[in-house]
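One structure is given below, encoded as structure tokens.
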Amino acid sequence: MANSIDVKFQDHFKLNVLFKDYILFENLLLENNIDYYHNSNENSDISDGTRFFLLDKDRIIIDQLLIDNEIIASTETIMISDYRVERMVQRFHVLVYLLVVGLLILIIFIIDFLK
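The sequence shown begins at 19 in the working numbering and counts up by one.
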């Protein structure tokens with residue numbers, strides 16, 4: 019099965035997949051012969067993810083694919099972000115703050131030593 023507009027006219031649900039998981043998710047759909055619809059022209063804002071239209075009858079299989087492959091996806095009503103990436107950014111901020119504070123303390127000690 020492939021990208022088919024017919025999915026939009028049957029009982030379906032919408033799933034937003036983060037852009038970083040888009041290729042993997044689409045490949046999994048193709049491998050498992052799951053009908054879907056995706057139009058990249060409709061998705062002008064990729065920061066919220068890429069929207070897929072999927073048939074209701076495939077919901078259980080799709081849920082399992084998402085879980086097994088650790089793909090972050092959400093519906094339009096409940097937006098989910100990838101907290102793993104946010105955690106890395108927060109750690110980076112903490113390291114930068116510690117480095118700046120450490121440098122300031124080192125400068126203060128050097129100035130006091132030179133007096």
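Ideal Cβ placement from N, Cα and C applies to all residues, glycine included.
- Query: Alpha carbon to alpha carbon, how far is Asp76 from Asn45?
  - Reply: 15 Å
- Report the rounded CA-to-CA distance for Ile89 versus Asp53, giving the unit in angstroms. 18 Å
- Message: Please report the straight-line C-alpha distance between Asp86 and Ile79, rounded to a whole angstrom.
- Response: 11 Å
- Query: Closest to Glu49 by CA distance: which of Val118, Ala91, His30, Leu83 is it?
  - Reply: Leu83
- Task: Could you work out which residue in Phe70, His56, Tyr40 is closest to Leu33 when comparing CA atoms only?
- Result: Phe70
- Message: Using a Cβ-Cβ cutoff of less than 6 Å, which residues in the same chain neighbour Ile125 once the five nearest sequence positions on both sides are dropped?
- Response: none
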